[in-house]
Amino acid sequence: METSLRYDGQTKSLRIHAKERFSLSPDAFFQVHGELDTYYFDRSRCKAIIRHMSPWMSLGVGLQYNKRDKFRYRVHGKKEFPLTDDGLLSLKVKAAGDSDTDFGEKNGKAAAELILTKLNFRVDQDIRLKVGYEMSEQVSYAQIREDNWTFNLDNKGRWNLRFDL
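According to our numbering, the sequence shown holds residues 144 to 308 in order.
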């Protein structure tokens with residue numbers, strides 16, 4: 144099980160996040176996520192997804208629960224294009240959609256990301272820099288990841304910090 148601590152700069156809340164994957168086949172798995180908000184000591188989000196990985200694309204279909212919207216159906220896909228022979232510079236495009244259980248309210252998202260990975264930035268330390276643009280909210284964002292630490296920020300002043308346990 145993968146677990147992490149996540150701090151949100153806007154809500155000033157610390158969440159405990161857990162994720163587990165169960166293999167269905169060599170190229171598919173069932174993935175379960177859950178978050179516990181430590182301020183309210185209540186779950187803030189739960190997700191169950193079946194993901195299929197292929198050389199040309201990653202696809203996922205699932206169900207999400209959160210306190211605000213209750214249950215929602217989700218579908219997402221992403222594709223990464225290496226820009227260098229070693230794959231350390233790449234372009235990723237991704238899209239996602241969700242709907243309430245009556246298919247009345249539907250939302251969509253799409254984003255493009257440029258990702259630079261620097262292996263052994265220092266001894267046993269890898270760095271990943273990501274810049275992207277999310278089209279539906281029209282927001283640009285950046286991510287800096289160093290082994291277990293991840294810092295995300297966007298041009299609307301939102302930020303969060305994650306530590307993988």
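The beta-carbon is built from N, C-alpha and C at its ideal position, and this holds for glycine as well.
Computed from a predicted model, the values in this text were never measured in an experiment.
- Excluding the 5 residues flanking it on each side, residue 193 has same chain C-beta neighbours closer than 8 Å at 167, 171, 172, 173, 174, 203, 204 and 205, in chain order.
- As summarised for the segment 252 to 284, the continuous beta strand (DSSP E) elements at least 3 residues long and confined to that stretch are 268 to 277, given in chain order.
- The Cβ atoms of residue 241 and residue 211 do not sit closer than 7 Å to each other.
- Going by DSSP, residue 224 is part of the beta strand (DSSP E) stretching over 213 to 225.
- Looking at the DSSP output, residue 289 shares a beta bridge with 270 and 292.
- Contact between residue 306 and residue 148 is confirmed by a C-beta separation of about 5 Å, below the 8 Å threshold.
- The criterion of a C-beta distance shorter than 7 Å is not satisfied by residue 235 and residue 248.
- The closest CA to that of residue 228, considering only 253, 196, 207 and 259, is found on 259.
- A Cβ-Cβ distance of about 6 Å is found for the pair residue 243 and residue 215, placing them in contact under the 8 Å criterion.
- Counting C-beta atoms within 10 angstroms of its own C-beta, residue 158 has 16 or more neighbours from the protein chains shown and is therefore classed as buried.
- In the structure shown, residue 299 adopts coil according to DSSP, grouped into three states.
- When the five nearest sequence neighbours on each side are left out, the beta carbons in the same chain lying within less than 6 Å of the beta carbon of residue 286 are those of 273 and 295, in order along the chain.
- Burial state of residue 284 is buried, judged by a 10 Å Cβ sphere holding 16 or more other Cβ atoms.
- According to the DSSP assignment, residue 174 belongs to the beta strand (DSSP E) that extends over 171 to 180.
- When the beta-carbon positions are compared, residue 190 and residue 176 come within less than 7 Å of each other.
- Each residue's CA atom was taken as its position, placing residue 209 and residue 250 some 15 Å apart.
- Residue 196 and residue 222 do not touch by the CB rule: their CB atoms are close to 11 Å apart, not below 8 Å.
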